[in-house]
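2 protein chains.
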Amino acid sequence: MTNSTALLPEAEFVAQFHAIGKERYHHKHPFHLLMHEGKLTRGQLQAWALNRYTYQSFIPIKDAAILARSEDPAFRLAWRKRIIDHDGDGTRPGGIEKWLKLVEATGLSREQAIRGEGILPATRYAVDAYVDFVRSRTHLEAVASSLTELFSKDLIVLRVDRLREHYPWLSSGLDYFQGRLTQAPEDATFALAWVVKHARTREEQDLALAALRAKCDILWAMLDALHFAYVTPGWPPPGAFRPAAKDS
Amino acid sequence: MTNSTALLPEAEFVAQFHAIGKERYHHKHPFHLLMHEGKLTRGQLQAWALNRYTYQSFIPIKDAAILARSEDPAFRLAWRKRIIDHDGDGTRPGGIEKWLKLVEATGLSREQAIRGEGILPATRYAVDAYVDFVRSRTHLEAVASSLTELFSKDLIVLRVDRLREHYPWLSSGLDYFQGRLTQAPEDATFALAWVVKHARTREEQDLALAALRAKCDILWAMLDALHFAYVTPGWPPPGAFRPAAKDS
């Protein structure tokens with residue numbers, strides 16, 4: 118059992134993913150804690166919605182990059198769902214459109230989000246790091262990096278509850294989270310089963326676990342940058358969004 | 118004169134690069150101001166040296182990427198100097214080796230820097246963004262992004278003076294800066310002349326100016342991340358370097 122090169126039993130492998138989430142997922146980030154305690158200003162929520170839009174808008178691009186790596190039509194069919202979830206089907210709005218509604222509910226225009234005006238450079242670097250990760254690492258690591266979705270449902274349930282309570286003026290913008298309550302767990306179930314099946318050596322298992330850690334780092338770094346620019350006695354970098362005085 | 122599509126006269130084009138540096142170069146970053154006032158702890162200087170090592174270690178990689186884009190042997194010959202400056206010539210140490218001496222002068226081991234242990238994820242994302250920029254943008258933009266070197270001499274002169282004054286225990290690690298005092302201005306003179314000559318339309322001039330802004334963003338974002346993790350009431354992200362209690 119002390120052999121660090123032996124394949125982990127499935128239950129242990131899965132438990133290690135959950136342990137990473139417990140330690141590193143961004144549900145623990147102080148920016149989210151302030152959000153859930155109702156302590157963020159409108160300006161801070163605007164900065165969050167605006168920067169997170171950049172992340173949301175790249176989700177279908179990163180999923181298409183993962184889809185493009187698979188020669189298995191069954192995998193591609195399952196993964197394709199994610200692109201539809203975010204881009205929509207041409208009739209019903211997808212997650213990106215719903216996030217724009219959230220941006221509008223904060224009082225910013227959708228155009229500002231789409232133009233990326235005032236986005237923190239650090240947000241762009243983190244998003245680019247994610248897209249680059251799924252393109253350049255192994256297919257297994259790319260899929261494993263999506264496993265933050267194992268933890269997103271609990272965070273979203275709490276968030277929607279607290280946003281409604283503390284920031285009722287945001288209520289018209291919460292459709293995105295409603296959709297994710299069912300989408301994310303479905304996606305995570307598929308991805309976890311796939312990773313468990315395809316990590317055939319201990320080295321591959323370790324790479325898959327490291328991929329989840331790397332993804333947690335990306336989500337955490339985006340909130341660090343937001344926190345520094347808009348919460349602590351830090352500062353938005355040159356050129357970044359600055360809340361109107363009345364919203365700060 | 119109000120025609121925003123007319124080619125800028127050379128003097129005006131050059132002046133705009135200097136205006137960008139004045140506004141956005143990281144000499145104005147509060148982390149540097151604290152450094153120059155002698156207000157950083159040993160732990161904070163360790164974090165700076167460690168994270169900045171990641172940046173330094175990628176400089177020859179980014180310069181090789183720029184060199185690889187040119188079909189002009191004269192350009193490649195001039196640019197090759199930069200790789201030698203940082204990697205050394207096999208006999209005399211280059212900038213990377215000298216930076217490791219700085220890391221050691223702070224009290225950390227060179228091995229820790231080389232392994233990248235405890236580096237802020239945000240540092241890696243910014244460095245990767247720089248390498249990606251010079252690979253994926255036009256050759257003109259890639260060269261223009263190096264023009265922060267127009268401003269580095271003044272910062273280095275001040276820094277060396279203040280490091281010697283406030284942190285005399287660092288003195289054995291300052292060779293890097295000595296070398297850069299002559300290298301950076303030579304490199305900047307070549308790069309600026311090349312950019313002036315090769316930006317043949319106003320659109321290209323604007324792209325070159327934007328490239329310098331993008332590079333300033335990268336340098337600034339690395340210091341923001343350091344400042345948040347190690348100076349303000351922020352926190353190092355999970356897994357990042359934490360100074361020993363005695364050094365903080």
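Protein chains in written order, with my numbering: chain A, 118 to 365; chain B, 118 to 365. Backbone N, C-alpha and C fix where the C-beta goes; we use that ideal spot for every residue, glycine too.
Would you mind telling me which residues of chain A sit closer than 8 Å to residue i, beta carbon to beta carbon, in chain order?
i	result
GLU140/B	PRO355
HIS344/B	PHE345 and GLY351
ASP334/B	PRO238, PRO354, PRO355 and GLY356
Take the Cβ of residue i as the centre, count every other Cβ of all protein chains shown within 10 Å, and call the residue buried at 16 or more, exposed below.
i	result
ASP278/A	exposed
LEU280/B	buried
LYS139/A	exposed
PRO238/B	buried
VAL348/B	buried
ILE213/B	buried
GLY351/B	buried
TRP286/A	exposed
ILE231/B	exposed
GLN295/A	exposed
LEU267/A	buried
LEU194/B	exposed
ARG169/A	buried
ASP189/A	exposed
LEU336/B	buried
ALA123/B	exposed
LYS179/A	buried
LEU298/B	exposed
ALA208/B	It is Thr, not Ala, that sits at residue 208/B in the sequence shown. THR208/B should be labelled exposed.
THR423/B	The requested residue 423/B is not part of the displayed model; chain B covers only 118 to 365.
ARG199/B	buried
ALA331/A	buried
GLY155/B	exposed
MET118/B	Annotation note: pLDDT 46 at MET118/B (below 50); position unreliable, coordinate value reported separately. Answer is exposed; the Cβ neighbour count stays below 16.
LYS215/B	buried
LEU150/B	exposed
SER288/B	exposed
Does any C-beta atom of chain B lie closer than 7 Å to the C-beta of residue i?
i	result
PRO360/A	no
ASP341/A	yes
MET118/A	Unreliable placement is indicated for MET118/A, whose pLDDT of 45 sits below 50; no coordinate value is reported for it.
Sort the options by Cα distance to residue i and report the nearest one.
i	options	result
HIS256/B	PHE192/B, ALA342/B and PRO355/B	PHE192/B
PRO302/B	GLY290/B, GLY207/B and VAL274/B	VAL274/B
ILE236/B	LEU167/B, ARG297/B and LYS156/B	LEU167/B
VAL131/B	PHE148/B, ARG169/B, TRP337/B and LEU309/B	LEU309/B
GLU234/B	PHE175/B, GLY356/B and ALA362/B	GLY356/B
ALA328/A	THR122/A, ALA128/A and ARG141/A	ARG141/A
LEU326/A	SER121/A, HIS135/A and VAL220/A	HIS135/A
LYS363/A	GLU320/A, ALA305/A and GLY224/A	GLY224/A
THR240/B	GLN300/B, ALA128/B and ALA346/B	ALA346/B
PHE148/B	MET339/B, SER365/B and ARG359/B	MET339/B
ALA181/A	HIS153/A, ASP249/A and LYS215/A	ASP249/A
PRO126/B	CYS333/B, LYS332/B and GLN322/B	GLN322/B
LEU291/A	GLU258/A, ILE200/A, GLY211/A and SER121/A	GLY211/A
GLN133/B	ARG227/B, LEU324/B and HIS203/B	LEU324/B
PRO354/A	CYS333/B, ALA361/B and TYR247/B	CYS333/B
LYS389/B	VAL312/B, ASP304/B and MET152/B	Nothing in the structure corresponds to residue 389/B, since chain B is present only between 118 and 365.
ILE176/B	TRP311/B, ASP341/B and SER263/B	SER263/B
Is residue i close to chain A? Criterion is C-beta to C-beta, closer than 7 Å.
i	result
TRP337/B	yes
ALA325/B	no
Since residue i meets chain A, which of its residues come closer than 7 Å, beta carbon to beta carbon?
i	result
ALA243/B	TYR242
Taking C-beta pairs closer than 9 Å, name the residues in chain B that residue i reaches, listed in chain order.
i	result
ALA246/A	PRO238, ARG241, TYR242, ASP245 and ALA246
Strictly below 8 Å CB to CB, what residues from chain B border residue i?
i	result
ASP249/A	ASP245 and ASP249
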